[in-house]
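Structure first, then comments.
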Amino acid sequence: MESGKPVGNTNPRLEFTKAMFRKYYSKANVQPPGKLINREFGVITERGGMWRHLGFGTPDELQNFLKKQAPIHAYHSSAYYTKPNARTMDEKTWLGADLIFDLDADHIQGSENMTIEMMFEKVKVQFKKLVHSYLLDDFGFDENDVKIVFSGGRGYHAHVSNEKVLRLNSHERREIVDYITKPSTNIDTLVRKVIFSNERFKDHDNKKYIYRLYPRDTPGWRGKVTASVLDFIDRTEKMPKENVIDELESHRGIGDTLALKIYNSMYLGKPGDRGIDKMRSDLNLEPFGEDSVRNSFINHIVKEMTVDLGGETDEPVTSDIKRLIRLPGSVHGKTGLVVRTMTVEELNGFLPLRDSVWPGFEKSTVKLMGLEDYEVKLKNTVFKVKKDTETEVPEYAALFLLGQKKCDIRI
-18 MESGKPVGNT
-8 NPRLEFTKAM
2 FRKYYSKANV
12 QPPGKLINRE
22 FGVITERGGM
32 WRHLGFGTPD
42 ELQNFLKKQA
52 PIHAYHSSAY
62 YTKPNARTMD
72 EKTWLGADLI
82 FDLDADHIQG
92 SENMTIEMMF
102 EKVKVQFKKL
112 VHSYLLDDFG
122 FDENDVKIVF
132 SGGRGYHAHV
142 SNEKVLRLNS
152 HERREIVDYI
162 TKPSTNIDTL
172 VRKVIFSNER
182 FKDHDNKKYI
192 YRLYPRDTPG
202 WRGKVTASVL
212 DFIDRTEKMP
222 KENVIDELES
232 HRGIGDTLAL
242 KIYNSMYLGK
252 PGDRGIDKMR
262 SDLNLEPFGE
272 DSVRNSFINH
282 IVKEMTVDLG
292 GETDEPVTSD
302 IKRLIRLPGS
312 VHGKTGLVVR
322 TMTVEELNGF
332 LPLRDSVWPG
342 FEKSTVKLMG
352 LEDYEVKLKN
362 TVFKVKKDTE
372 TEVPEYAALF
382 LLGQKKCDIR
392 I
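In our numbering, the protein residues as written are -18 to 392.
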């Protein structure tokens, strides 16, 4: 069921990568995605260019193709088609699509100043928030409906396979993204405005209000705000004052003066009579006093709750009903890391630079020449390369360093 052919050229770096990938695919058992016969596949080989409109009738057909071609990158469609190997989308006949989320560490705020290990830590925090707070809690998907995948590169994918999302169009999927990334900025929709007195003066009502959080189990963003406020209190209560203020100041729009006002509103006073004690006991937001102080704190909480989907990366992926996504079990051509599937529970202890290295790449070493000074920790071993200096490393480290263009291979 294959169609099309790759084009392009090779080079020593790609030739080495090709040899390594051929070794991998000769031994690996790549599990096909669900409804294999309805999926389109695409690959990039060492000759370059995307070779797509591929379809396979059985797992063995897919496995034999991967062994023969040893692609540098391999993908499958999030969509299901009647004829996945047809040359045009109209001929394919779209049947539906999984709901896909793609979080990339490169698009985490401040990533340009982070090591790759730090980026993985940050994107994992965002991804766990997406999975637990939104996909499982708010949308109510079962863990069995959510497949978690390390991309092999710098992020994670969540594949939601559920009849409720199968036929959603791009606009409807876009609304899901907006719910996760763009909550209401109107504080009155997130907290309760409660009348506590209503005096009449010269035939006019003179109402006075207090603000309270909604009950923690309230569905949607209201309950999420309450849970996050209480979690913030629990987490920061014993932190040094300067650390709490630094965290508040990290939010755009909160400066030194405002951060200090928020802190004092919450923590000044004796235990039992502090602002945080009143918030815990009856969800009362009155300790903030000024509207601007209360609203700035709630906005900070909302910002912390949203998932940073990286704008240019994940949002189009989620709304695109015909997108190709990394094939689990394949190898990423820019890192040599395996695209790994895991459970929600396994995600907690997963470390990409340790757990996505294929054992078959550990047995032999390769000589490289450093193109720049660089350091990375792979399989619990720190590898340091220096510019214009030869180094000898295991194959898995060579694949990573070559893919990241930190070294050239010695021929």
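No residue lacks a Cβ here, since even glycine has one placed at the ideal position from N, Cα and C.
Exercise. Are the beta-carbon atoms of methionine 1 and phenylalanine 381 separated by less than 8 Å?
Worked result: Taking the first residue of the sequence shown as 1, we reach residue 1 at position 20. Taking the first residue of the sequence shown as 1, we reach residue 381 at position 400. Cβ distance not < 8 Å, so methionine 1 and phenylalanine 381 don't count as in contact.
Problem set entry | arginine 155 versus glutamate 373: straight-line alpha-carbon distance, rounded | For this step, residue 155 is matched to residue 174 along the sequence shown. For this step, residue 373 is matched to residue 392 along the sequence shown. Whole-angstrom Cα-Cα distance: 48 Å.
Exercise. How would you call asparagine 66, buried or exposed, if buried means at least 16 neighbouring beta carbons within 10 angstroms?
Worked result: Counted from its first residue, the sequence shown places residue 66 at position 85. Label assigned to asparagine 66: buried.
Exercise. Helix or strand or just coil, what does DSSP make of phenylalanine 131?
Worked result: Taking the sequence shown and counting its residues from 1, one reaches residue 131 at position 150. Strand, per DSSP.
Exercise. So, helix, strand or coil for phenylalanine 364, using DSSP?
Worked result: Your numbering for residue 364 matches position 383 in the sequence shown. Residue state, collapsed to three classes: strand.
For this session: Name the one or two DSSP bridge partners that aspartate 389 has.
Result: The residue given as residue 389 occupies position 408 in the sequence shown. Beta-bridge pairing links aspartate 389 to Met350.
For this session: Note the first and the last residue of the continuous beta strand (DSSP E) segment covering threonine 322.
Result: On the sequence shown, position 341 is the one that residue 322 refers to. Segment 321 to 323, the beta strand (DSSP E) holding threonine 322.
Problem set entry | C-alpha gap between phenylalanine 131 and phenylalanine 331, whole angstroms | For this step, residue 131 is matched to residue 150 along the sequence shown. For this step, residue 331 is matched to residue 350 along the sequence shown. If you take the alpha carbons of phenylalanine 131 and phenylalanine 331, they lie about 9 Å apart.
Exercise. If you check the beta carbons only, do tyrosine 195 and valine 210 fall under 8 Å apart?
Worked result: Counting from 1 along the sequence shown, the entry for residue 195 is found at position 214. Counting from 1 along the sequence shown, the entry for residue 210 is found at position 229. Cβ atoms of tyrosine 195 and valine 210: not closer than 8 Å.
Exercise. So, do the segment 247 to 255 and the segment 317 to 335 have three or more beta carbon pairs nearer to each other than 8 Å?
Worked result: no
Exercise. Since glycine 351 and valine 366 are thought to touch, with beta carbons under 8 Å apart, how far apart are those beta carbons, to the nearest angstrom?
Worked result: Translated into the one-based positions of the sequence shown, residue 351 becomes position 370. Translated into the one-based positions of the sequence shown, residue 366 becomes position 385. Between valine 366 and glycine 351 the Cβ distance is about 4 Å, and since that is below 8 Å, they are a contact.
For this session: Within the segment 58 to 126, note down every full beta strand (DSSP E) run reaching 3 residues or more, in order along the chain.
Result: 60 to 62, 75 to 78, 80 to 85
Exercise. From tyrosine 377 to serine 7, what does the alpha carbon distance come to, in whole angstroms?
Worked result: Along the sequence shown, read from residue 1 onward, the residue named residue 377 stands at position 396. Along the sequence shown, read from residue 1 onward, the residue named residue 7 stands at position 26. Taking the straight line joining both Cα atoms gives about 17 Å.
Exercise. Could you give the distance in angstroms between the alpha-carbon of threonine -2 and the alpha-carbon of proline 52?
Worked result: To locate residue -2, count along the sequence shown from 1; it is residue 17. To locate residue 52, count along the sequence shown from 1; it is residue 71. Distance between the alpha carbons of threonine -2 and proline 52: 10 Å.
Exercise. What three-state label does DSSP hand leucine 264 in the structure shown?
Worked result: Looking up residue 264 in the sequence shown gives position 283. Three-state DSSP puts leucine 264 in coil, outside helix and strand.
Problem set entry | Selection from Asp336, Thr362, Glu371 that minimises the alpha carbon distance to glutamate 353 | Position 372 of the sequence shown, counted from the first residue, corresponds to residue 353. Of Asp336, Thr362, Glu371, the residue nearest in Cα terms is Glu371.
Exercise. Thinking just about the alpha-carbon of each residue, which of Asp41, Lys110, Asp118, Gly133 is nearest to the one in valine 338?
Worked result: By 1-based counting over the sequence shown, the position of residue 338 is 357. The residue with the shortest Cα to Cα distance from valine 338 is Gly133.
For this session: Evaluate contact between the segment 67 to 82 and the segment 146 to 160, counting only Cβ atoms and requiring at least three cross-stretch pairs below 8 Å.
Result: yes
Exercise. Which residue comes first and which comes last in the alpha helix (DSSP H) that contains histidine 138?
Worked result: By 1-based counting over the sequence shown, the position of residue 138 is 157. Here histidine 138 belongs to no alpha helix (DSSP H); instead the beta strand (DSSP E) covers 136 to 141.
Exercise. Quick one, which of Gly256, Arg197, Asn280, Leu264 has its alpha-carbon nearest leucine 229's?
Worked result: By 1-based counting over the sequence shown, the position of residue 229 is 248. Minimum Cα distance to leucine 229 is reached at Asn280.
Exercise. Between asparagine 94 and aspartate 301, what straight-line distance do the alpha-carbon atoms span, to the nearest angstrom?
Worked result: Within the sequence shown, residue 94 is the residue found at index 113, counting from 1. Within the sequence shown, residue 301 is the residue found at index 320, counting from 1. Taking the straight line from one Cα to the other gives about 31 Å.
Exercise. Is the distance from the Cβ of arginine 197 to the Cβ of threonine 207 below 8 Å?
Worked result: Position 216 of the sequence shown holds residue 197. Position 226 of the sequence shown holds residue 207. Yes, the Cβ-Cβ distance between arginine 197 and threonine 207 is below 8 Å.
Exercise. Does the beta-carbon of asparagine 19 have 16 or more other beta-carbons within 10 angstroms, so that it is buried, or is it exposed?
Worked result: The sequence position of residue 19 within the sequence shown is 38, counting from 1. Buried, since its Cβ has 16 or more Cβ neighbours within 10 Å.
Exercise. Is there contact between the segment 9 to 17 and the segment 33 to 48, where contact requires at least three CB pairs shorter than 8 Å?
Worked result: yes
Problem set entry | Residues near arginine 335 in its chain [Cβ-Cβ closer than 7 Å; skip 5 each side] | Taking the first residue of the sequence shown as position 1, residue 335 is located at position 354. Excluding sequence neighbours, arginine 335 sits near Lys360, Asn361.
For this session: Taking all protein chains shown into account, decide if phenylalanine 177 is buried (16 or more other Cβ within 10 angstroms of its Cβ) or exposed.
Result: Reading the sequence shown from its first residue, position 196 is the one you call residue 177. The residue is exposed, with fewer than 16 neighbouring Cβ atoms inside 10 Å.
Exercise. Going by beta carbon distance, what residues of the same chain come within less than 6 Å of phenylalanine 22, once the five residues before and after it are set aside?
Worked result: Your numbering for residue 22 matches position 41 in the sequence shown. Taken in chain order, the residues that qualify are Leu35, His57.
For this session: Between the Cα of leucine 111 and those of His138, Gln90, Gly91, Met99, spot the shortest distance and give me the residue it belongs to.
Result: Sequence index remark: in the sequence shown, residue 111 carries index 130 (1-based). Cα-wise, what sits closest to leucine 111 is His138.
Problem set entry | Local Cβ density within 10 Å of aspartate 85, reported as buried at 16 or more and exposed below that | Reading the sequence shown from its first residue, position 104 is the one you call residue 85. So aspartate 85 ends up on the buried side.
For this session: Could you please give me the residues that DSSP links to proline -7 through a beta bridge?
Result: Indexing the sequence shown from 1 puts residue -7 at position 12. DSSP lists no partner for proline -7.
Problem set entry | Per DSSP, the bridge partner or partners of arginine 307 | As a first step, residue 307 must be located in the sequence shown, where it is residue number 326. The partner list for arginine 307 (beta bridge, DSSP) reads Tyr56.
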